[in-house]
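Taken in order, the sequence shown gives residues 513 to 676; the numbers are from UniProt numbering. Just so it is clear, CB atoms sit at the ideal spot from N, CA and C, and this is done for glycine as well. The structure displayed is predicted, hence computed values, not measured ones. Shown next, in structure tokens, is the structure this report addresses.
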Amino acid sequence: RPVPIADVVNAVADEFRPRFESQEVTFTVDCRADEAEVGGDAELLAHALRNLLDNAAKFTAKSGTATLRCTIPPRKVGDAGTSVLTVSDTGIGIPPEEVDRVFGEFYRASNAVRAAVEGPGLGLSLVKEIIEAHTGRIKITSDLSRGTQVTAELPLLKAAPMTA
Ligand code: ATP
Ligand code: MG
513 RPVPIADVVN AVADEFRPRF ESQEVTFTVD CRADEAEVGG DAELLAHALR
563 NLLDNAAKFT AKSGTATLRC TIPPRKVGDA GTSVLTVSDT GIGIPPEEVD
613 RVFGEFYRAS NAVRAAVEGP GLGLSLVKEI IEAHTGRIKI TSDLSRGTQV
663 TAELPLLKAA PMTA
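Here it is in structure tokens:
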């Protein structure tokens, strides 16, 4: 089914605004994907996004920042293109030798365990399944001193104006 990706992004962003505010984490949303549609399930995509924002909120301390971005990169003529969703934060980061493992079920990085941040370690494995079920791709980059960035690319059903 066609899912207007901007609607999902903005709805989930609205859900998380009060939480970031109460944690004193500056939350920025930048969604430039008007009219862009992904084929799939809006509720599953919202669930994936919630898991990413939950992680950003959990692993980012007071006075940090979290950003949710959605862009449509330049594409070839006649190609519907992709939408790129990015969730980044200035939180505790992931040790470089562990970053490849965080998509695994029940995996929690050592610094998260040490910081006693709770969670079974299932969120990212579910996010990866949902994105791949939508024929998308997901990757994560992180830096212990700077924070974490998760990027999900989803193929579009319908061409939309280019925004980045
Ligand atoms: P759950 O999502 O099931 O409640 P969880 O958040 O611990 O538990 P995942 O979302 O799968 O599990 O993330 C796995 C691990 O990856 C986390 O425990 C943490 O070590 C690391 N991680 C994920 N996102 C971030 C982030 N934004 N910043 C720092 N570490 C992260
Ligand atoms: Mg999680």
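Checklist entry - Beta carbon of threonine 602, beta carbon of glycine 631: below 8 Å? => result Between threonine 602 and glycine 631, the C-beta spacing is not below 8 Å.
Checklist entry - Over what stretch of residues does the alpha helix (DSSP H) that includes phenylalanine 539 continue unbroken? => result No alpha helix (DSSP H) holds phenylalanine 539; the beta strand (DSSP E) holding it covers 538 to 543.
Checklist entry - What is the rounded straight-line gap between the Cα of glutamate 547 and the Cα of tyrosine 619? => result Distance between the alpha carbons of glutamate 547 and tyrosine 619 is about 37 Å.
Checklist entry - Do you know how far the Cα of alanine 569 is from the Cα of glycine 648? => result Approximately 24 Å between the Cα atoms of the pair.
Next on the checklist: Using a Cβ-Cβ cutoff of less than 8 Å, which residues in the same chain neighbour isoleucine 652 once the five nearest sequence positions on both sides are dropped?
Outcome noted: Counting only Cβ-Cβ distances below 8 Å, and skipping sequence neighbours, we find Ile606, Val611, Val614, Phe615, Leu636, Thr660, Gln661, Val662 and Thr663.
Next on the checklist: Using only the alpha-carbon positions, how far apart do aspartate 542 and cysteine 582 sit?
Outcome noted: Computed Cα separation, rounded: 6 Å.
Item to check | Residue nearest to leucine 565 in terms of C-alpha spacing, selected from Ile584, Ala554, Asp553 and Leu597 | outcome: The shortest C-alpha separation from leucine 565 is found at Leu597.
Checklist entry - In terms of residues, what are the limits of the beta strand (DSSP E) holding arginine 649? => result Taken as a continuous stretch (DSSP letters only), the beta strand (DSSP E) holding arginine 649 covers 649 to 655.
Item to check | Supposed contact pair isoleucine 642 and leucine 556 - C-beta distance, whole angstroms, cut 8 Å | outcome: So it is a contact: roughly 5 Å between Cβ atoms.
Next on the checklist: Could you tell me the alpha carbon to alpha carbon distance between isoleucine 604 and alanine 624, rounded to whole angstroms?
Outcome noted: Distance from the CA of isoleucine 604 to the CA of alanine 624, rounded to the nearest whole angstrom, comes to 8 Å.
Checklist entry - CB-CB under 7 Å to phenylalanine 532, same chain, minus the five flanking residues each way: which ones, in chain order? => result Taken in chain order, the residues that qualify are Phe539, Ala569 and Ala578.
Checklist entry - Short check: CB of valine 599 to CB of valine 550, under 8 Å? => result It is not a contact, given that the beta carbons lie outside the stated cut-off.
Checklist entry - Opposite arginine 581 in the DSSP bridges: which residues? => result Note: arginine 581 sits in a beta bridge opposite Asp542 and Thr598.
Item to check | Whether glycine 593 touches leucine 668 by CB criterion (8 Å) | outcome: Cβ distance < 8 Å, so glycine 593 and leucine 668 count as in contact.
Next on the checklist: Comparing C-alpha positions only, which one of Glu536, Leu638, Glu609 and Ala573 sits nearest to histidine 559?
Outcome noted: When only C-alpha atoms are compared, the closest one is Leu638.
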